[in-house]
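Undergrad: The structure that follows is given in the form of structure tokens.
Residue numbers (our numbering): 10 to 150.
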């Protein structure tokens with residue numbers, strides 16, 4: 010059970026709400042209710058920007074940034090939340106699997122967008138918790 014009286018509990022509660030939000034968006038996308046299309050200045054002369062063509066590189070950059078961030082956290086010897094780290098590892102694994110294997114077969118880009126954003130949120134949540142743990146350890150000493 011999450012203790013909402015502690016700041017870490019509130020942050021984890023917000024993280025769980027965001028997970029539920031993105032799971033809902035993914036289910037709505039699978040049902041065909043929401044779609045992400047091409048956007049641009051003028052579609053008649055072909056100045057449209059296709060989000061799906063850029064999402065593969067965005068997701069690889071998000072994974073590399075998370076690896077670098079966790080490397081820095083380990084260099085500073087901060088402790089991270091194991092539950093959020095496990096969730097983040099699962100999100101990144103699924104994200105990389107879909108991005109690499111299904112990139113050639115037109116993977117549904119909305120799922121990749123949702124997983125990428127959720128991975129970034131998990132990493133930021135874990136980083137904030139690690140900083141709070143580090144600051145609370147300094148106050149105790």
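The beta-carbon is built from N, C-alpha and C at its ideal position, and this holds for glycine as well. As the structure is a prediction and not an experimental result, all values here were calculated from the model.
So residue 93 and residue 131 are in contact, right, with Cβ under 8 angstroms, and what is the actual spacing, rounded?
TA: Here the question's residue 93 lines up with position 84 in the chain shown. Here the question's residue 131 lines up with position 122 in the chain shown. The pair is a contact, with the Cβ atoms about 6 angstroms apart (cut-off 8 angstroms).
Undergrad: Buried or exposed, going by whether 16 or more other CB atoms sit within 10 Å of the CB of residue 125?
TA: Position 116 of the chain shown, counting from 1, holds the residue named residue 125. Buried, since its Cβ has 16 or more Cβ neighbours within 10 Å.
Undergrad: Comparing C-alpha positions only, which one of 149, 143 and 148 sits nearest to residue 86?
TA: What you label residue 86 is simply residue 77 of the chain shown in a count that begins at 1. It is 143.
Undergrad: Helix, strand or coil: which one does DSSP assign to residue 29?
TA: Locating residue 29 in the chain shown gives position 20, counting from the first residue. Reduced to three states, the DSSP call for residue 29 is helix.
Undergrad: Straight-line CA distance for residue 75 to residue 127?
TA: Here the question's residue 75 lines up with position 66 in the chain shown. Here the question's residue 127 lines up with position 118 in the chain shown. Cα to Cα, the separation comes out at about 12 angstroms.
Undergrad: Are the Cβ atoms of residue 139 and residue 73 separated by less than 9 angstroms?
TA: Working through the chain shown from its first residue, we reach residue 139 at position 130. Working through the chain shown from its first residue, we reach residue 73 at position 64. For residue 139 and residue 73, no; Cβs fall outside 9 angstroms.
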